[in-house]
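Structure record follows, encoded as structure tokens.
In mature numbering (1 follows the signal peptide of the UniProt record, and there is no 0), the protein residues as written are -23 to -1, 1 to 440.
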């Protein structure tokens, strides 16, 4: 082949490769996580088989909670809406992928026309049966980059679904713990009401015998009514928490109910704390990363608009005066064509679109980096909270034991007539408050453990 013939081909190939290089953009590399969490130094690593499972709440070992989580996945309407969004982005991806291929169409028609010339009227009929094909050649990567955009958006919607499911599971777990804590508080108040009722009856008997004054009776009645009011408030709180659980699993409050139980789950072991797992398992980070990839692919779409669009077309079929003899060699028609459309002037729209795409990519990069920082902060916060909640619980338990011993001593003194009921009331209030503080501390500890397991226990959707 002469060198003069090779020159245009070489130039076209160089322009093609240059165009593809211009329109394809890659996002920055992912940040490197630290070797260890700051707050994990005092935590002992657990064996690999005790690491966070996919059903990350199961270390709490509560069958009722397991059942609620299963209902959540099926009935939660927020998850259903997010699942529909995934289906929508999947359809957009399929449509973007289909745009790369040629389009084919078939058609048929019949036309009857009349004309008059030199006083003579002529009538003719034209029938046609044709097939058409059109194809936009993706020289500059506009279509392929659009597929990348749609694919990244689809991945982001999948990760959004996983993140929403993870958040809903954590909310359900924490609400369940709050309900069980309310039931334990309710059981405590019921015991307190029973004890206060006995003390009131005892005080009334002693007042009738002239042993104590009327003020002791009034104080005992005040103590009883206060405990009864707190019990009523706790019953309301428990009912509201049960209603919240019903909403989470997609049921009306009247269709949902849990048998009372004053048992609180035990604190599970701390999972293997490896910072690198956060980037690999957190669905919210995966969603932010996918949006970053989508934003950079959008740069390619915007830049491809600077280059000419090249299209090919072809058609073929039959055209004649009669359907009965339409499909025959004399009636065969066909055409081939190519079109090149090059932008000349658009008032700067393409340049501004490219600038906007790059700014959006910078924003997506910053959002991703911020999401990574927030994820590490959440885990570090959880580790500190978990450590301090253990200290707090131990102190609250010690305070409760001291308050119980003090109440026993004061009750013995009251029965012996050496102290007034005012002392008993103060000791009872202190003991009730101390036991309630223990339950609240356990609930906070479980809530922190729930958040830690959730923040470490995500799973990315399959690609």
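Ideal placement from N, C-alpha and C gives every residue a C-beta, glycine not left out.
Since the structure is predicted, the reported quantities are computational estimates derived from the model, not experimental observations.
Taking all protein chains shown into account, residue 97 has fewer than 16 neighbouring C-beta atoms within 10 Å of its C-beta and is therefore exposed. By the C-beta density criterion, residue 252 is buried, having at least 16 other C-beta atoms within 10 angstroms. Between residue 281 and residue 119, the gap from beta carbon to beta carbon is short of 8 Å. Judged by pairs of C-beta atoms under 8 Å, the region 374 to 387 does not touch the region 172 to 185, as fewer than three such pairs exist. Of the residues 233, 269, 402, 183, the one whose Cα lies closest to the Cα of residue 7 is 269. Within the DSSP bridge table, the entry for residue 295 names 106, 309 as partners.
Under the 8 Å Cβ criterion, the region 134 to 149 does not count as touching the region 296 to 304, having fewer than three qualifying pairs. The continuous alpha helix (DSSP H) containing residue 364 extends over residues 326 to 392. Within the DSSP bridge table, the entry for residue 100 names 91 as partners. The region 207 to 284 contains, as complete alpha helix (DSSP H) runs of 4+ residues, the segments 253 to 258, 260 to 281 (chain order). Around the beta carbon of residue 332, a 10 Å sphere encloses fewer than 16 other beta carbons of the protein chains shown; the residue is thus reported as exposed. Runs of beta strand (DSSP E) with 3 or more residues, each lying fully within the region 110 to 150, are absent. Look at the beta carbons and you see the region 225 to 241 touching the region 153 to 166: at least three pairs across the two are nearer than 8 Å. In this structure, the beta-carbon distance from residue 122 to residue 226 does not fall below 8 Å. Residue 1 carries a coil assignment under DSSP once its states are collapsed to helix, strand and coil. Here residue 424 is near residue 154, since their CB atoms are less than 8 Å apart. In the three-state scheme derived from DSSP, where H, G and I count as helix and E and B as strand, residue 85 is classed as strand.
Note: residue 286 is bridge-paired with 318 in the DSSP secondary-structure output. For residue 301, no alpha helix (DSSP H) run applies, since DSSP gives it neither H nor E. Boundaries of the alpha helix (DSSP H) around residue 401: 398 to 433.
Residue 80 is bridged by DSSP to 111.
Three or more beta-carbon pairs drawn from the region 75 to 83 and the region 110 to 119 are found closer than 8 Å, and the two stretches are therefore classed as touching. In the three-state reduction of the DSSP assignment, residue 178 falls in the helix class.
For residue 67, the uninterrupted alpha helix (DSSP H) run begins and ends at 54 to 75, by DSSP. Taking each of 263, 367, 389 in turn and checking the Cα distance to residue 341, the smallest one comes out for 263.
Taking each of 167, 34, 46 in turn and checking the Cα distance to residue 210, the smallest one comes out for 167.
The residues 352, in chain order, have a CB closer than 6 Å to that of residue 255 in the same chain once the five nearest residues on each side in sequence are set aside. Scanning 44, 432, 401 for the CA closest to the CA of residue 261 turns up 432.
Contact between residue 126 and residue 274 is confirmed by a C-beta separation of about 5 Å, below the 8 Å threshold. Assignment of residue 37 by DSSP, reduced to helix, strand and coil, places it in the helix class.
When the beta-carbon positions are compared, residue 427 and residue 221 stay at least 8 Å from each other. By the Cβ-count criterion, residue 266 is buried, with 16 or more other Cβ atoms from all chains shown falling within 10 Å of its own Cβ. With 16 or more other Cβ atoms inside 10 Å of its own Cβ, residue 36 counts as buried. Its chain contains 91, 92, 93 as the residues whose beta carbon lies nearer than 8 Å to that of residue 99, once the 5 sequence neighbours on both sides are disregarded; these appear in chain order.
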